[in-house]
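Participant:
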Amino acid sequence: MNLLKRSFYNRPASIVAREILGAHLVRLIDGQCLVGMITEAEAYQGEEDLGCHAHYGKTRRNAVMYGPPGRAYIYFTYGMHWMLNAVTGQDGSPAAVLIRAIQPLEGLDVFEQNRPNLAHTPHWLDGPAKLTQAMLVDRRLNGIDLCDPNSELSITPGEAILEENVTKTARIGLYTVPEPWKSIPWRFVIKMEKGRPRDEIQK
DNA sequence: CGGCCGATTATCT
DNA sequence: GATAATCGGCCGG
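Take 834 as the starting number for the first sequence in the numbering used here and just add one per residue.
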């Protein structure tokens, strides 16, 4: 399988968050292949970024972010939700990209079973906790290598998205984070029409 | 559609 | 002991 290489992830998080749009998130489970196109992502870059979990320094939770790029950093929040990130930047420098939304492509029956709410509507898998529920992503996959074709979770190149079809905004949910981190435009979203990307999204 | 609010618990100070 | 990279339900427009 043709996967995004480690060199893809070994760049600043804001670059990876933009470039990962259109890529295909692939989940292998019970002999099935679940696929979704990444349509929204956010960058979290370094201990100086007060919106990033690494701003406390290294802890047990965020340790994976301090490791090599191309691994999954998965954490639990709000007492009930799992969030999926791809670790970015060089080994030792903590940074990651939060995968916030996917467009379902393969395994729709499984997605529907795991995530019946809003199934087959434009808002089906457009949230970071929605997609982890649909793809059965939780703590067990924390630290998994996204660049290994044998992994239960990986990412393929998918489609390249034109700049004119990308919206940039401040990151979501950083209520108590001070400026400038609260407003820095490190959220990247594919422009959607009626719940689908525009027809001409490829470069 | 947009805003407010409660749920629920691992993780951190 | 407080907080949280969210979600869904309920309300008003």
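C-beta atoms are modelled at their ideal positions from N, C-alpha and C, and glycine is treated no differently. Predicted model, so just to flag it, every value in this text is computed and none were measured.
Taking all protein chains shown into account, decide if residue 863 is buried (16 or more other Cβ within 10 angstroms of its Cβ) or exposed.
Facilitator: Exposed.
Participant: Taking just the CA atoms, how far does residue 877 sit from residue 1016?
Facilitator: Their Cα atoms are separated by approximately 13 Å.
Participant: In whole angstroms, what separates the C-alpha of residue 899 from that of residue 941?
Facilitator: So the two alpha carbons sit approximately 34 Å from each other.
Participant: Would DSSP call residue 1018 helix, strand or coil?
Facilitator: It is coil, neither helix nor strand.
Participant: Quick check: what's the CA-CA separation for residue 968 versus residue 921?
Facilitator: Distance between the alpha carbons of residue 968 and residue 921: 22 Å.
Participant: Please go through the segment 952-1026 and give each complete beta strand (DSSP E) segment of 3 or more residues, from N-terminal end onward.
Facilitator: Runs found: 986-989, 999-1002 and 1020-1023.
Participant: With 16 other CB atoms within 10 Å as the buried threshold, where does residue 842 fall?
Facilitator: Buried: at least 16 other Cβ atoms inside 10 Å.
Participant: Over the uninterrupted beta strand (DSSP E) stretch that includes residue 928, give me the two end residues.
Facilitator: 928-939 is the extent of the beta strand (DSSP E) around residue 928.
Participant: Give the DSSP-derived three-state secondary structure of residue 875 in the structure shown.
Facilitator: Reduced to three states, the DSSP call for residue 875 is strand.
Participant: Cβ of residue 933 within 9 Å of Cβ of residue 846?
Facilitator: Not in contact: residue 933 and residue 846 (Cβ atoms no closer than 9 Å).
Participant: Provide the residue(s) that pair with residue 919 in DSSP beta bridges, ordered along the chain.
Facilitator: Bridge partners of residue 919: 905 and 930.
Participant: Excluding the 5 residues preceding and the 5 following residue 947 in the sequence, name in chain order all residues of the same chain whose CB lies nearer than 7 Å to its CB.
Facilitator: Excluding positions up to five away in sequence, the list reads 966, 967 and 969.
Participant: Does DSSP classify residue 851 as helix, strand or coil?
Facilitator: Three-state DSSP puts residue 851 in a helix.
Participant: Return helix, strand or coil for residue 870, following the three-state DSSP convention.
Facilitator: Note: residue 870 maps to strand in three-state DSSP.
Participant: Please report how far the alpha carbon of residue 992 lies from the alpha carbon of residue 1007, in whole angstroms.
Facilitator: If I take the Cα positions, the gap works out to 30 Å.
Participant: Nearest to residue 837 by CA position, among 887, 903, 883 and 884, is which residue?
Facilitator: Residue 837 has its Cα closest to that of 903, out of 887, 903, 883 and 884.
Participant: Count the other C-beta atoms from every protein chain shown that fall within 10 angstroms of the C-beta of residue 1021, then say buried if there are 16 or more, exposed otherwise.
Facilitator: With 16 or more Cβ atoms within 10 Å of its Cβ, residue 1021 is classed as buried.
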